[in-house]
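Working notes, beginning with the structure itself.
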Amino acid sequence: MSCRVFYLSLLALSLTACGSVNNKQAQGSFAYQYKPEANALVIPANLNKPKQAQDFFVSDKINHQGPIGEDMDIRAPSLVLPVAASSRVVDESTIAIIWFDKVLEDKDLLEFIEKVVIEKLAEDKITYNYIEEDIEVTLSKVIEGATSLKETSIKREGIKTAIIESDWYHNEVDVGWIDTDIQFSKSLRFRYQLLAKPHGRSVSLRVSLVDFLQTDETGGRKIMDPIDKQRAEKAILNELIAAVDYNYRLQQRADRLTRANQKLVTIGKNIEEEAGYVVEMGLDDLWDNMPLFFEKHGFIISDLNEDKKIYYVDFVKPDSSVWDSIWGQDVPVIDVNDANYQFVLAPLDELNHKTAVTIYNSAGEPLSLETLERIFPVFEQGLSFRNVF
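At position 215 of the sequence shown (counting the first as 1) the number is 224 in the working numbering, and the numbers step up by one without a gap.
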């Protein structure tokens, strides 16, 4: 046998030894469990009992039938990690459950979370089925994981639910280098219960283990240790929470790109059929932001009429220097004459989503369509406020 093969054999054995450490069990001797308990101090009747401090008193009112020594599972309890935006856990609950509050206003929250669950199952290449269940049964299972009155006060009317059961997740451990045999296999199936409150702005997601099968050299068993069961449920739930957070970020990025590429300013007409600019912004918001536009593009506000939404401005074409272009501070210049202008703002729809901006010259006449088209590139960028927000 060559030195290389011998070295690799030793390395494999050492790795196997490291991997065989039982992380459920404490390391060291368990002789303490066989030591007899010390007898209480007996004080003669004719003597006063010494004062005993209760600072570190340990009660004997415990579960004496619980596991000790080698049978004690020392692993820390699993936790549900609310890493997704506006997610929250149920206090002091051992159930694998989490609540999501609405983040994306244009998305149905239950459908969004349900889509994440389905995509995660597809990513894991696990088939699934929808389960029909009585709403009262579903509510009782959700309330089982709640410990506060706030969480249990769910009205029955208008509740939306979705229950999904997965097919088997298989985990196998092989032995042997060439002819491998399955030394250990574990199979699990999970149920995903979604429940939306009547207002639709809060949705709970609970993961529960519905079936389990483990086989090894000692045979097979269908009962899972309670701690292992809880850890498996919360591990799956935490993966889903992370997937929800990832999908939130994807959707928010897509929304930002949409807004960045959206034409927020177009050439149109006001309600009097006069040519002007149409801005995708509410009247009050646009009115409040117009001074930013004026300041940046050479307009000086001389007067205003807030009731009629009119700005009276003086325009002086700003001077630009070579230093502005070098330092990136040059602003596109609006190609109109130095003069007095009126900017009149008016809503275009009942929902106040669009605002008409009509520009009148010193003679009270609206700027021509030709002029609006010539200066549109500057106004489109300025009135969209992309470089401000």
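Backbone N, C-alpha and C define an ideal beta-carbon position, used for all residues, glycine too. In this text the structure is predicted, and so the values were computed from the model without any measurement.
Secondary structure at K195: strand, using DSSP grouped into helix, strand and coil. Looking at the backbone, the Cα of A365 and that of D100 are separated by about 51 Å.
K169: member of the beta strand (DSSP E) spanning 169-175, first to last residue. Nearest in C-alpha terms to E374, of all of Y320, I309, I71, Q351, is Q351.
Non-local beta-carbon contacts of G78 in its own chain, meaning distances under 7 Å to residues more than five positions away in sequence, involve F39, Q42 in chain order. Sequence-distant Cβ neighbours of S211 in its own chain, meaning closer than 8 Å and more than five residues away, are W108, F109, D110, K111, L118, A205.
A direct Cα-Cα distance of roughly 6 Å separates R200 from V219. Between L392 and A284, the beta carbon gap of about 15 Å keeps them out of contact (Cβ cut-off 8 Å). Bounds of the alpha helix (DSSP H) holding K305 are 292-305.
Residue burial annotation: E242 is buried, with at least 16 other C-beta atoms found within 10 angstroms of its C-beta.
Bridge partners of E181 according to DSSP: S194.
As DSSP reads the structure, Q351 sits in a beta bridge with Y321, Y369. When rounded, the separation of the alpha-carbon atoms in N72 and F121 is 44 Å.
Residues D344 of the same chain have their beta carbon placed closer than 7 Å to that of R383, with the five preceding and five following residues left out of the count. For K70, there is no enclosing alpha helix (DSSP H), as DSSP marks it with neither H nor E. In the DSSP annotation of this structure, the continuous segment of the beta strand (DSSP E) that includes R97 starts and ends at 96-98.
The shortest CA-to-CA distance from I127 to any of Q74, E181, L203 is the one to L203. Here the alpha carbons of L259 and G277 stand approximately 34 Å from one another.
A residue is called buried once 16 or more other Cβ atoms fall within 10 Å of its Cβ, and N180, having fewer, is exposed. DSSP places R215 inside the beta strand (DSSP E), whose first and last residues are 211-225. A35 sits exposed, since fewer than 16 C-beta atoms from the chains shown fall within 10 Å of its C-beta. For L130, the closest alpha carbon among the candidates A105, I173, L88, A348 is that of I173. Excluding five sequence positions before and after M233, the CB atoms of its chain that fall closer than 6 Å to its own CB belong to F221, given in chain order.
Residues I368 of the same chain have their beta carbon placed closer than 6 Å to that of L376, with the five preceding and five following residues left out of the count. Per the C-alpha coordinates, the member of K169, S87, V387 positioned closest to H306 is V387. G291 and K326 have their C-alpha atoms roughly 29 Å apart. Residue environment for R84: exposed (fewer than 16 other C-beta atoms within 10 angstroms of its C-beta).
For S393, the enclosing alpha helix (DSSP H) covers residues 378-393. Linking R215 to I140 through their CA atoms gives a straight-line distance of about 14 Å. Comparing alpha carbon positions, the residue from E248, N57, I135 closest to I106 is E248.
Buried is the label assigned to A171, since at least 16 other Cβ atoms lie within 10 Å of its Cβ.
Around the C-beta of M299, 16 or more other C-beta atoms lie within 10 Å, and the residue is accordingly described as buried. Minimum Cα-Cα distance from F302 among the listed residues D264, K44, V342 corresponds to V342. Per DSSP, L313 is one residue of the beta strand (DSSP E) stretching across 308-314.
The three-state reading of DSSP puts R262 in helix, counting H, G and I together. Ranked by Cα distance from L295, the first of E315, S311, T136, N48 is E315.
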